[in-house]
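**Student:**
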Amino acid sequence: MERFALAHTTGIDPEQLIADCARQLGPLPDSASLGILYLTDALAPRLDELVEGLREVTGVPHWVGTVGVAVSVTGFEYYDAPALCALVGDFPPESFRMMPLIDSDPAHYLALHRDWLQREETMVALVHGDPTNPRTPQLIGALADAVPNLFMFGGITSSQGDHRQVADLVVGGGLSGVVFGPEVGLVTAHTQGCTPIGPRHRITRSDRNLVIELDHKPALQVMKADIGEVLARDLNRVGGYIFAGLPVPGSDDDDYLIRNLVGVDQPRQIVAIGDYAEEGGELMFCRRDGNTARVDLQRMLGDLQGRMNSSPRGAVYISCVGRGRYQFGDDSAELRIIQDALGDVPLVGFFANGEIFRNRLYGFTGVLTLFL
Numbered sequence: 001m002e003r004f005a006l007a008h009t010t011g012i013d014p015e016q017l018i019a020d021c022a023r024q025l026g027p028l029p030d031s032a033s034l035g036i037l038y039l040t041d042a043l044a045p046r047l048d049e050l051v052e053g054l055r056e057v058t059g060v061p062h063w064v065g066t067v068g069v070a071v072s073v074t075g076f077e078y079y080d081a082p083a084l085c086a087l088v089g090d091f092p093p094e095s096f097r098m099m100p101l102i103d104s105d106p107a108h109y110l111a112l113h114r115d116w117l118q119r120e121e122t123m124v125a126l127v128h129g130d131p132t133n134p135r136t137p138q139l140i141g142a143l144a145d146a147v148p149n150l151f152m153f154g155g156i157t158s159s160q161g162d163h164r165q166v167a168d169l170v171v172g173g174g175l176s177g178v179v180f181g182p183e184v185g186l187v188t189a190h191t192q193g194c195t196p197i198g199p200r201h202r203i204t205r206s207d208r209n210l211v212i213e214l215d216h217k218p219a220l221q222v223m224k225a226d227i228g229e230v231l232a233r234d235l236n237r238v239g240g241y242i243f244a245g246l247p248v249p250g251s252d253d254d255d256y257l258i259r260n261l262v263g264v265d266q267p268r269q270i271v272a273i274g275d276y277a278e279e280g281g282e283l284m285f286c287r288r289d290g291n292t293a294r295v296d297l298q299r300m301l302g303d304l305q306g307r308m309n310s311s312p313r314g315a316v317y318i319s320c321v322g323r324g325r326y327q328f329g330d331d332s333a334e335l336r337i338i339q340d341a342l343g344d345v346p347l348v349g350f351f352a353n354g355e356i357f358r359n360r361l362y363g364f365t366g367v368l369t370l371f372l
């Protein structure tokens, strides 16, 4: 296959959806081995039927994917409709291994594929996580620790109903996906949706997710100084606009993780964030900014274009539920920017409850992976 095969459709009848996809995918070669499937949460109850039907009519043996409140394809975003999209590639059988559900210790999976996973070269995994399992971030970390040369990208399922995933079987409750060996050519990068508005501060006193002091000063006092007088006078306006940024230790590209501000204690001048605040770590305040997000998306696309040694055969784009139409505007603006830069590369994706990149859980980012 010179390029991966793409299909996308809307509707509620599984048989019709499967037929539409099969027609768009067209005749597939025997080498077509893996399908990546994303569908909106309205179709989550029919996921078993859809996966089995697609496997039967296409002959593609392996499928991976998940549910999202919205999904995306080349140049288009599907919101407020029952929709699904599928991307089929011809990966050699020895070049990938499916990752069935891991909801606790990954030891069993690692033992099952120990010989295949014990390589010196970097391996890359597309993974999907369940937001209802509080251990999902720890599972990502445990897998990364167990396989030091594993680079994970992906996203956390987003749904108003069932949080379901596909890893050959329909699963839920943990982490699942597919691991690609070094034989699979790809490039991947991420783009931020929030920009720092002040300097990095040292967390000098904290308690779990409570930031008590920054640079030996009351945390709320420092935050007010960074966000400016207008917002500082009315902290009710901060929600959804101002966030905590946690710089990634050892990062050579000023990378940072965005976390929600979940509350403030004005009498005690404490700021609560949506993650553990480690004493000795760093924190900076960031604002959600549509213009900056566009600029950084263009930067990421330029970076990927500079790293490609051939034309992309297919792509996966996982964006935050807070991006898309809520940050870039209607008319599929975010996906159109990608299409304008890369052309009509077959692409599928979904809007996630958290994005996984470089084995860490992000927020308000977009993660684009190009298969070469």
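Mapping of the sequence shown onto the UniProt record's numbering: position 359 corresponds to residue 359, and the numbering continues sequentially without gaps.
By construction, the Cβ of each residue, glycine as well, lies at the ideal position given by its N, Cα and C atoms.
Measure the Cβ-Cβ separation of W63 and V166 and say whether it is below 9 angstroms.
**Tutor:** yes
**Student:** Considering only the beta carbon of each residue, do F4 and R313 sit closer than 9 angstroms?
**Tutor:** yes
**Student:** For R208, count the other beta carbons within 10 Å of its own beta carbon; 16 or more makes it buried, fewer makes it exposed. Which is it?
**Tutor:** In summary, R208 is exposed, with fewer than 16 beta-carbon neighbours lying within 10 Å of its beta-carbon over all protein chains present.
**Student:** Should R46 be listed as close to the ligand HEM, given that the test is whether its C-beta is under 8 angstroms from any heavy atom?
**Tutor:** The model depicted lacks the ligand HEM and carries no ligand whatsoever.
**Student:** Does DSSP classify A32 as helix, strand or coil?
**Tutor:** coil
**Student:** Quick check on D207: does DSSP put it in helix, strand or coil?
**Tutor:** strand
**Student:** If I measure Cβ to Cβ from P131 and keep anything under 8 angstroms in the same chain, skipping five residues before and after, which residues do I get?
**Tutor:** Closer than 8 angstroms at the Cβ level, and outside the excluded window around P131, lie I156, T157, S158, H163, N353, G354.
**Student:** Starting from I102 and walking both ways along the beta strand (DSSP E), at which residues does that stretch end?
**Tutor:** 96-102
**Student:** Would you decide whether P346 is buried or exposed? Buried here means 16 or more other CB atoms lie within 10 Å of its CB.
**Tutor:** buried
**Student:** Got a sec? Which residues, its chain only, sit under 7 angstroms from R307 by beta carbon, not counting five neighbours each side?
**Tutor:** V187
**Student:** Use the C-beta contact count for V230: other C-beta atoms within 10 angstroms, 16 or more gives buried, fewer gives exposed.
**Tutor:** Here V230 is exposed. Its C-beta has fewer than 16 other C-beta atoms within 10 Å.
**Student:** Kindly indicate which three-state DSSP category D265 falls into: helix, strand or coil?
**Tutor:** strand
**Student:** Could you please give the first and the last residue of the uninterrupted alpha helix (DSSP H) stretch that includes G141?
**Tutor:** 136-146
**Student:** Quick check on S206: buried or exposed, where buried means 16 or more other Cβ atoms within 10 Å of its Cβ?
**Tutor:** buried
**Student:** Since R294 sits in a beta bridge, which residues does DSSP pair it with?
**Tutor:** Partner(s): none; R294 has no beta bridge.
**Student:** Name the two residues that bound the continuous alpha helix (DSSP H) containing I338.
**Tutor:** 333-342
**Student:** Per DSSP, which residues does K217 bridge with? Please list them.
**Tutor:** L214
**Student:** What's the C-alpha gap between F153 and T369?
**Tutor:** 8 angstroms
**Student:** Given P199, which residues of its chain have a CB within under 6 angstroms of its CB, disregarding the five upstream and five downstream residues?
**Tutor:** none
**Student:** Please return the same chain residues whose Cβ sits closer than 6 angstroms to the Cβ of A272, not counting the five positions on each side in sequence.
**Tutor:** Result list for A272: N209, L210, V262, G263, in chain order.
**Student:** In this structure, does DSSP put E355 in helix, strand or coil?
**Tutor:** strand
**Student:** Quick one: what does DSSP say T58 is sitting in, helix, strand or coil?
**Tutor:** helix
**Student:** Output needed for residue 411: all residues of its chain with C-beta closer than 6 angstroms, excluding positions within five of it in sequence on either side, in chain order.
**Tutor:** Residue 411 lies beyond the range of the chain shown here (1 to 372); nothing can be said about it.
**Student:** Quick one: grab the DSSP three-state call for P346.
**Tutor:** Coil, per DSSP.
**Student:** What residues are listed by DSSP as bridge partners for Q165?
**Tutor:** T66, V171
**Student:** For the alpha helix (DSSP H) that L231 lies in, which residues bound it at each end?
**Tutor:** In the DSSP assignment, L231 falls within the alpha helix (DSSP H) that extends over 229-233.
**Student:** Across which residues does DSSP place Y276 in a beta bridge pair?
**Tutor:** None, per the DSSP bridge assignment.
**Student:** Among D80, V60, G349, which one has its Cα closest to the Cα of Q160?
**Tutor:** D80
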